[in-house]
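First up is the structure itself, then whatever we jot down about it.
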Amino acid sequence: MGCQNTTSLMQPAMNSNQPFPEQYFRRMDESDDERFYDSPRLVVHIDDVAIAATTQLYREYLPPNGDVLDLMSSWRSHLPTDVPYRRVVGLGMNEVEMRDNPQLTDYVVQNLNKISRLPFDDASFDGCILTVSVQYLTQPVDVFTEVGRVLRPGAPFLTVFSNRMFPTKAVAIWQSLDDRGHRQLVESYYQLAGRFEGIQSLDRSPKGSYSDPLHAVVGHRTRQPLTF
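Be aware that the sequence shown starts at 0, since it is given in numbering that gives the first Met the number 0, and climbs by one per residue.
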């Protein structure tokens, strides 16, 4: 299926509280993710200009001296180096990658496609980032719901993405949409999670260059009381 710039593929999810059809999250390679990510990849997945745009985005939204969760973390977090954070916790698939990440104060190895429950207490973090990995989630609404649980009221959750991917592990719906469709899809994850407000999509693609495109969706944990 070629890329589409329409929301038709997402209508069942965006117009109701029903889950997405199962086939949306099938992948070409359904083998164990642990096997795929077993070998460390000590590389960045977007170019330097797009990385700088990502860092600027995090500078704008994440509170200094806060507790930050780096979801689907790896070798680099792309947080601004001149902003102090009290704690940066990585959750990812490869221990070697996270151990080499100089910005992490702690890390957890976990496959979110097997266990979507996050191993943190309610209201533990002042912000969460998910950098160029949302396309690999097979249970995205469950994961986004969990992010809403572990964030403190008003805390930002930033999902940043480009057009780069490991195609054999990216879910089918992601590969069927263009950049605009990706933003709408990720917005729907926030909406269906039911724990975020002020949801907005951003095109932060560097202008006038041949850099990788860069897009983000940002939502803030609702300030209304939630029942977990």
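The beta carbon of each residue, even a glycine, is placed where N, CA and C say it ideally should be.
Rounded to whole angstroms, P166 and N64 show a C-alpha spacing of 37 Å.
For V87, the enclosing beta strand (DSSP E) begins and ends at 86 to 91.
By the Cβ criterion, the stretch 99 to 119 is not in contact with the stretch 180 to 191, since fewer than three pairs of Cβ atoms, one from each stretch, lie closer than 8 Å. DSSP, reduced to helix, strand and coil, places G153 outside both helices and strands of the structure shown, so it counts as coil.
I128 is bridged by DSSP to D69, L157. L56 carries a helical assignment under DSSP once its states are collapsed to helix, strand and coil. DSSP links H214 through a beta bridge to F160, D202. Around the Cβ of G180, a 10 Å sphere holds 16 or more other Cβ atoms; the residue is buried.
By the criterion of a C-beta distance shorter than 8 Å, V149 is surrounded in its chain by L68, L117, F119, D120, D121, A122, S123, F124, C127, once the five residues flanking it on both sides are discounted. Residue environment for D211: buried (at least 16 other C-beta atoms within 10 angstroms of its C-beta). Distance from P152 to R220 at the Cβ level is roughly 6 Å; contact confirmed, criterion being Cβ atoms closer than 8 Å.
Taking G193 as reference, the option from L111, R58, F227 with the minimal CA-CA separation is F227. Apart from sequence neighbours up to five positions away, the residues of its chain that approach D105 with a beta-carbon distance below 6 Å are V88, ordered along the chain. By the 16-neighbour rule on beta-carbons within 10 angstroms, Y84 is buried. Secondary structure at E33: helix, using DSSP grouped into helix, strand and coil.
Secondary structure at F195: strand, using DSSP grouped into helix, strand and coil.
Across the structure, D37 and T144 are spaced so that their CA atoms are roughly 27 Å apart. Measuring C-alpha to C-alpha distances from D202 to each of P224, D32, S161 identifies S161 as the nearest. Residue burial annotation: D81 is exposed, with fewer than 16 other C-beta atoms found within 10 angstroms of its C-beta. In summary, V159 is buried, with 16 or more beta-carbon neighbours lying within 10 Å of its beta-carbon over all protein chains present.
Short of 8 Å from the beta carbon of G147, and not among the five residues preceding or following it, lie these beta carbons of its own chain, in chain order: F156, A192, G193, R194, F195, R220, T221, L225.
In this structure, A171 places its C-beta atom within 8 Å of the C-beta atom of Y23. If you check the CB distance, L56 and S72 do not come in under 8 Å.
In this structure, the straight-line span from the alpha carbon of D141 to that of S115 is close to 6 Å.
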